[in-house]
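Data first, discussion second: the structure below is written as structure tokens.
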Amino acid sequence: MCAILEQKIQICRVQVEAVTFKSVTRPKANGAIEAANKNIKKILKKMIQGSRQWHEKFPFALLGYRTTICTSFGVTLYLLVYGTEAVIPVEVEIPSLQIIVESEIEDTKWVKTRLEQLMLIDEKWLAAVCFGQLYQQRMARAYNKKVRLRQFEVGQLVLKHILPHQVEAKGKFALNWQGPYIIKKVLPKGALHLVDEEG
1 MCAILEQKIQ ICRVQVEAVT FKSVTRPKAN GAIEAANKNI KKILKKMIQG SRQWHEKFPF
61 ALLGYRTTIC TSFGVTLYLL VYGTEAVIPV EVEIPSLQII VESEIEDTKW VKTRLEQLML
121 IDEKWLAAVC FGQLYQQRMA RAYNKKVRLR QFEVGQLVLK HILPHQVEAK GKFALNWQGP
181 YIIKKVLPKG ALHLVDEEG
């Protein structure tokens with residue numbers, strides 16, 4: 001009996017170590033996670049106002065983040081997870097219309113309406129996805145208003161812009177372009193194959 005227990009403990013240790021040291025990267029999700037963390041930090045900064053006891057206010061910051069309507073979805077995160085709007089602690093002390101209506105409903109009827117809400121959660125998710133896609137299209141349209149479309153031809157001379165995160169960036173006062181380069185081939189979607197003047 002003791003040997004079997006030791007084997008199970010050893011298996012659990014191996015699994016925990018495998019999970020602990022495993023690094024998962026999801027490039028598409030990393031930006032969303034950074035944005036969520038940034039918003040939570042903003043909420044915390046407003047709540048603590050210089051004191052260092054952020055760990056006491058953290059649950060309240062999360063509640064505020066989860067019960068605020070997201071611009072990109074059009075609904076709260078709480079609604080997407082649980083299928084109903086959250087009841088904040090203030091609404092328990094000073095009852096809102098939602099609390100009054102739900103308190104007067106019989107238990108069986110409340111369970112029935114709750115099940116109906118949970119059945120409709122897939123539709124809420126789809127509506128949030130559609131709203132998110134429309135939001136992304138609006139943002140792309142607003143961004144692309146500033147972009148000027150230029151047509152390039154083979155043999156034209158162009159300059160290459162150096163972005164701050166590239167290796168070629170030498171500092172604040174260095175040139176932010178390289179070149180001139182000759183366009184060797186024009187690829188689809190605005191991409192260019194460049195060669196220097198020597199070829």
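The numbering of the sequence shown is the working numbering, which starts it at 1 and goes up by one.
Positions of the beta carbon are idealized from the N, C-alpha and C atoms, including for glycine.
In the DSSP annotation of this structure, the continuous segment of the alpha helix (DSSP H) that includes residue 136 starts and ends at 121-144. Put simply, the backbone Cα of residue 124 is about 30 Å away from that of residue 57. Proximity of the region 145-164 to the region 176-187 meets the contact definition, three or more beta-carbon pairs being nearer than 8 Å.
If you draw a straight line from the Cα of residue 64 to the Cα of residue 75, it is about 13 Å long. Residue 62 holds the alpha-carbon nearest to the alpha-carbon of residue 38 among 67, 49 and 62.
The DSSP assignment places complete alpha helix (DSSP H) segments of no fewer than 4 residues inside the region 23-106 at 27-48, 54-66, 77-82, 89-93 and 97-104, in order along the chain.
The region 95-112 makes no contact with the region 43-52, as fewer than three CB pairs between them are under 8 Å. Contact between the region 137-154 and the region 110-124 is absent, with fewer than three C-beta pairs closer than 8 Å. In the displayed model, residue 164 falls within coil according to three-state DSSP, outside both helix and strand. Non-local C-beta neighbours of residue 54 in its own chain, meaning closer than 6 Å and more than five positions away in sequence, comprise 44 and 48, ordered along the chain.
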